[in-house]
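Residue numbering for the sequence shown follows my numbering, beginning at 1 and increasing consecutively. Structure, as structure tokens:
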Amino acid sequence: GENGKNIPMECLAFNRDKEAFDNVETDWVRKYNPEMKCGWAYAIQCIHDGQVKVLNLKKKLLEQIMLAAEDLGDPTDTETGWDVNFKRVKTGPNVFNVEYQLQVLRCKTRALGDEEKALVEELKSMQDVLPRPTPEAQKDLLDRIAGASHEVPDEVESELSKEDVPW
Numbered sequence: 001g002e003n004g005k006n007i008p009m010e011c012l013a014f015n016r017d018k019e020a021f022d023n024v025e026t027d028w029v030r031k032y033n034p035e036m037k038c039g040w041a042y043a044i045q046c047i048h049d050g051q052v053k054v055l056n057l058k059k060k061l062l063e064q065i066m067l068a069a070e071d072l073g074d075p076t077d078t079e080t081g082w083d084v085n086f087k088r089v090k091t092g093p094n095v096f097n098v099e100y101q102l103q104v105l106r107c108k109t110r111a112l113g114d115e116e117k118a119l120v121e122e123l124k125s126m127q128d129v130l131p132r133p134t135p136e137a138q139k140d141l142l143d144r145i146a147g148a149s150h151e152v153p154d155e156v157e158s159e160l161s162k163e164d165v166p167w
């Protein structure tokens, strides 16, 4: 990304409405990086500390929630739903070596309170919360990122001769 970190980008070859790859829009990520493969991301809106937040779920946690829903019912029901409780478990030395485990025995059925119900009433659609970028906007961002990777700080550039810089 522009800050030197990896950032998620929507695969524009995937049609959200059809829930299928239709390749109608140009997916600039594939044009710039043909070796990259699409990965799945799961995002939901949740109430945490009295505020609506977007929660990005890993696939395994989403599968655990769906499995628990078979026995506990719909967690999103305002009267009979249940709180999703999970713990973070470190699985290796790197930052990304993390697993999230649903704590099913802590997922108690309860009705939402009045404040929570008011928040649910005001929820925006996921299309509004995470709008799909246009192909042009995606290309502009990728161009900025690619351009940023070729920028050399002034203090470094003064130490290099023109032959040392490949661009």
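We put the CB at the ideal spot given by N, CA and C, even for glycine. It should be emphasised that the depicted structure is a prediction, and the values quoted were computed from it without experimental measurement.
Neighbour-count burial assignment, residue i, 16 or more Cβ in a 10 Å radius
{"i": "GLN138", "result": "buried"}
{"i": "VAL98", "result": "exposed"}
{"i": "VAL29", "result": "buried"}
{"i": "ASP27", "result": "buried"}
{"i": "LEU123", "result": "exposed"}
{"i": "LEU12", "result": "buried"}
Terminal residues of the alpha helix (DSSP H) in which residue i lies
{"i": "LYS117", "result": "114–121"}
{"i": "GLU70", "result": "59–72"}
{"i": "GLN101", "result": "It is not in any alpha helix (DSSP H) - GLN101 instead sits in the beta strand (DSSP E) that spans 98–102."}
For residue i, the three-state DSSP class (helix, strand or coil)
{"i": "LYS31", "result": "helix"}
{"i": "VAL84", "result": "coil"}
{"i": "GLU19", "result": "coil"}
{"i": "VAL129", "result": "helix"}
{"i": "LEU12", "result": "coil"}
{"i": "LYS124", "result": "coil"}
{"i": "LYS53", "result": "strand"}
{"i": "LYS139", "result": "helix"}
{"i": "ILE7", "result": "coil"}
First and last residue of the uninterrupted beta strand (DSSP E) at residue i
{"i": "GLN45", "result": "42–48"}
CB-CB length for residue i against residue j, believed under 8 Å
{"i": "VAL24", "j": "ASN15", "result": "7 Å"}
{"i": "THR76", "j": "ALA111", "result": "Not confirmed; about 13 Å, so no contact."}
{"i": "CYS107", "j": "LEU67", "result": "Their Cβ separation, rounded to whole angstroms, is 11 Å, which puts CYS107 and LEU67 out of contact at 8 Å."}
For the region 97–104 and the region 80–89, state whether three or more C-beta atom pairs, one from each stretch, are separated by less than 8 Å. Flag = yes, the region 97–104 and the region 80–89 touch.
For the region 4–15 and the region 25–41, state whether three or more C-beta atom pairs, one from each stretch, are separated by less than 8 Å. Verdict: yes, contact present.
Would you be able to state if there are at least three C-beta pairs under 8 Å between the region 112–132 and the region 41–53? A contact exists between the region 41–53 and the region 112–132.
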